[in-house]
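Heads up: the sequence shown at position 57 corresponds to 57 in UniProt numbering, and the numbers run straight through without jumps. From the three backbone atoms N, C-alpha and C, an ideal C-beta is built for every residue, glycine too. Since we're looking at a predicted model, the values are computed, not measured. Data first, discussion second: the structure below is written as structure tokens.
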Amino acid sequence: MKEREVEAKRLVGKKNVRGKIYEYEYFTLPLNLYLPKSMVEKFGTKYMLQVDEDSGTITIKPKSGQ
Numbered sequence: 001m002k003e004r005e006v007e008a009k010r011l012v013g014k015k016n017v018r019g020k021i022y023e024y025e026y027f028t029l030p031l032n033l034y035l036p037k038s039m040v041e042k043f044g045t046k047y048m049l050q051v052d053e054d055s056g057t058i059t060i061k062p063k064s065g066q
């Protein structure tokens, strides 16, 4: 199992719908993993990413106060 510390990146997207431009923000981790905005607001931007290559699972845990 590989484990590493990662930080969520904030990205701003723009979408044009019927002539009106909407902006939205979202958060990503490496490996193209998306995080809900509520999770980043609750736990912050630092996370531990665990990749188990044998079973093919990816676990994301908040890095709380370490």
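Close Cβ partners of residue i (< 7 Å) along its chain, the five nearest in sequence each way excluded
i: Lys63; result: Glu5, Lys46, Tyr47, Met48
CA nearest to the CA of residue i, picked from the options
i: Thr59; options: Tyr24, Tyr34, Lys20, Lys14; result: Tyr34
i: Ala8; options: Gly56, Met39, Asn32, Thr28; result: Thr28
Beta-ladder partner(s) of residue i, from DSSP
i: Pro62; result: Tyr47
i: Glu7; result: Lys46
Residues near residue i in its chain [Cβ-Cβ closer than 8 Å; skip 5 each side]
i: Gln66; result: Because Gln66 carries a pLDDT of 46, less than 50, the predicted location of this residue cannot be relied on, and the following value inherits that uncertainty. Within the same chain, Gln66 has no close Cβ partners at all.
Other residues of its chain near residue i: CB distance less than 6 Å, five sequence neighbours each side excluded
i: Phe43; result: Pro62
i: Tyr22; result: Lys15
Residue-chain proximity (residue i, chain C), Cβ-Cβ < 8 Å
i: Glu53; result: The displayed structure is made up of one protein chain only, and chain C is not part of it.
So does the region 2-18 actually touch the region 36-53, counting three or more Cβ pairs closer than 8 Å?
yes
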